[in-house]
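This report refers to the structure that appears directly beneath it.
Numbering (our numbering), first residue to last: 1 to 474.
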């Protein structure tokens, strides 16, 4: 072969450049499906209006800080760093990110090189035709190949993989949100149990004192054996409740240990029997578009993007592919003298390939891609409807529990006033110690009811934070 002239190189480049520039991308560009989000609706006494916040800003808020609890903040930080479910989701996201480069590489030139050496001998001596010759040959060659992405098949596949990586990122955010909500819920259950244990201890003390008084009254004939049995049953019930609460606290601690990536035996958290429950109140106005900050909804939309791109990639298979190749090298007697060898080789080539008949394979692949797209659209819309339902349920539950907590707080306040009056009457000699103990037990019952309502309200607040994607902005 002779060396290609510069003019021929320029001619080849000028011929290929317009072809490359004319490359198009088949298939439709992504358009977000219509969403069944109302312009305005109310639930739980709160009015929502439509807005258009950026859908990628939701996860910047540490919403659990609304409780202003250092212990909860520390547990959340540990969980976000050490939780194994989050670690698995993070690895899946990084895997999806790495796959983008692999897909894009298919549309780029591929360069290879190789060196070989051979030794051969002819058969002249063996056939009596003279002395045989031993020949050595070394070859060094480089190759370049490039399949032009004329119809955008590679670009569509890369677009699909990028969307899948986006979905994996939102799956990671969803996992973080889920773990954060579980940590908050478990922690609040722990604190509620500790307050309950303190109330039950007081109840055990009061019932124990009542049992002593009843047994003494029975000995004096002013109380019946049935009164003793009933009082003892009340004491046993209080003790059983205290033991059950202690077991619940242990389970909460074990759960928090697992959520923060620790062994239960090494997890320690000081009790707070006087914990004050103050559930954060949501703002009066919340934008409906906030639901599109939910990571599960955003992941569903990303999968719609991926499916849409896969349709374009399938359609590109109907068009022929154009491949370019070039190679060049040196041939010499040994590897040492390759670069000085006078014999050089090169070649250029182009190949246009297209499928004439495939038995309907491409048509089936395109139909599969379109059906896959329609399935992801349906799943996306369903995720939005599910998000709306979950949020409306959370708002309704929160509003209901707010009212219940208010009623329970008022009842507790009333019982405390009665108890205080009874104490004053005891000091004046118009009420007995038994009367005070009976009112003490009634007050403790009211406090436990109020505690249950406050704990439920705190849990509903966590559910509402989770339902709207992790938080809200005033």
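Don't be surprised by glycine CBs; every beta carbon is placed ideally from N, CA and C.
Best match in the options for proximity to residue i [C-alpha to C-alpha]
i           : options            : result
residue 475 : 32, 187, 316       : Residue coverage of the chain in this structure runs from 1 to 474, which leaves residue 475 outside it and unanswerable.
residue 390 : 430, 431, 467, 426 : 467
residue 420 : 436, 239, 430      : 436
residue 276 : 400, 30, 68        : 68
residue 182 : 243, 361, 203, 64  : 64
residue 445 : 416, 431, 393      : 416
residue 348 : 327, 432, 363, 77  : 327
residue 264 : 271, 358, 247, 254 : 254
residue 201 : 66, 98, 243        : 243
residue 141 : 366, 346, 100, 119 : 346
residue 375 : 425, 394, 310, 414 : 310
residue 401 : 369, 455, 365, 367 : 455
residue 106 : 426, 412, 323      : 323
residue 268 : 32, 75, 28         : 75
residue 193 : 449, 216, 470      : 449
residue 71  : 413, 270, 393, 411 : 270
residue 463 : 308, 395, 413, 111 : 395
residue 37  : 392, 388, 138, 103 : 388
Nonlocal neighbours in the same chain, by C-beta distance under 7 Å from residue i, ignoring five residues either side
i           : result
residue 418 : 439
residue 316 : 26, 151, 152, 153, 156
residue 313 : 153, 156, 157, 160
residue 191 : 272, 275
residue 55  : Because residue 55 sits at a pLDDT of 39, beneath the cut-off of 50, its placement in the model cannot be relied upon, and the point is left open.
residue 380 : 33, 300, 301, 304
residue 185 : 459, 462
With 16 other Cβ atoms within 10 Å as the buried cut-off, status of residue i
i           : result
residue 234 : buried
residue 476 : Past the boundaries of the shown model lies residue 476; the chain is included only from 1 to 474, so the question cannot be answered.
residue 171 : buried
residue 173 : buried
residue 252 : buried
residue 21  : Bear in mind that a pLDDT of 44 at residue 21, under 50, signals an unreliable position, so the number given afterwards is only what the model happens to contain. Label assigned to residue 21: exposed.
residue 52  : Here residue 52 scores only 42 on pLDDT, less than 50, and its place in the model should not be relied on; the value that follows carries that caveat. With fewer than 16 other Cβ atoms within 10 Å, it is exposed.
residue 147 : buried
residue 358 : exposed
residue 332 : buried
residue 225 : exposed
residue 195 : buried
residue 397 : buried
residue 360 : exposed
residue 465 : buried
residue 366 : buried
residue 292 : buried
residue 113 : exposed
residue 281 : exposed
residue 220 : exposed
residue 427 : exposed
residue 407 : exposed
residue 101 : exposed
residue 189 : buried
residue 447 : buried
residue 103 : buried
Contacts around residue i, its chain only, beta-carbon distance under 8 Å, and the 5 residues preceding and following it disregarded
i           : result
residue 354 : 319, 320, 321
residue 204 : 235, 238, 239, 242
residue 99  : 161, 164, 165
residue 109 : 144, 145, 146
residue 218 : 224, 225, 227, 228
The ligand FAD heavy atom lying under 7 Å from the CB of residue i
i           : result
residue 393 : Inclusion of the ligand FAD in the displayed structure is not the case, the ligand content being empty and no account of it being possible.
Neighbourhood of residue i by C-beta distance below 6 Å, restricted to the same chain and skipping five residues each side
i           : result
residue 279 : 457, 458, 461
residue 79  : 179, 183, 259, 260
residue 57  : With a pLDDT of 39 at residue 57, under the threshold of 50, the modelled position of that residue is not reliable, and the figure given next carries that caveat. Excluding positions up to five away in sequence, the list is empty.
residue 115 : 140
Original post:
Are at least three pairs of beta-carbons, each pair with one atom in the region 190–210 and one in the region 87–102, less than 8 Å apart?
Top reply: The region 190–210 makes no contact with the region 87–102: fewer than 3 CB pairs, one atom from each, lie closer than 8 Å.
Original post:
At a cut of 8 Å, does the region 381–398 reach the region 293–311 through at least three beta carbon pairs?
Top reply: Verdict: yes, contact present.
Original post:
Does the region 224–239 touch the region 174–194, meaning 3 or more C-beta pairs lie closer than 8 Å?
Top reply: Contact between the region 174–194 and the region 224–239 is not established, with fewer than three Cβ pairs separated by less than 8 Å.
Original post:
Does the count of Cβ pairs from the region 257–271 and the region 72–87 closer than 8 Å reach three?
Top reply: The region 257–271, when compared against the region 72–87, does touch it at the 8 Å Cβ threshold.
Original post:
Can you list, in chain order, the stretches of the alpha helix (DSSP H) that have 4 or more residues and sit fully within the region 171–237?
Top reply: As far as the region 171–237 is concerned, it has no whole alpha helix (DSSP H) run of at least 4 residues.
**OP:** Counting only runs of 4+ residues fully inside the region 251–324, write out the alpha helix (DSSP H) ranges in chain order.
**Re:** The region 251–324 contains these whole alpha helix (DSSP H) runs: 295–316.
Original post:
Does the region 421–432 touch the region 237–250, meaning 3 or more C-beta pairs lie closer than 8 Å?
Top reply: With fewer than three CB-CB distances shorter than 8 Å, the region 237–250 does not count as touching the region 421–432.
**OP:** May I have a chain-ordered list of the beta strand (DSSP E) segments no shorter than 3 residues that lie completely inside the region 339–410?
**Re:** Taking only runs of at least 3 residues, the beta strand (DSSP E) segments lying wholly in the region 339–410 are 343–353.
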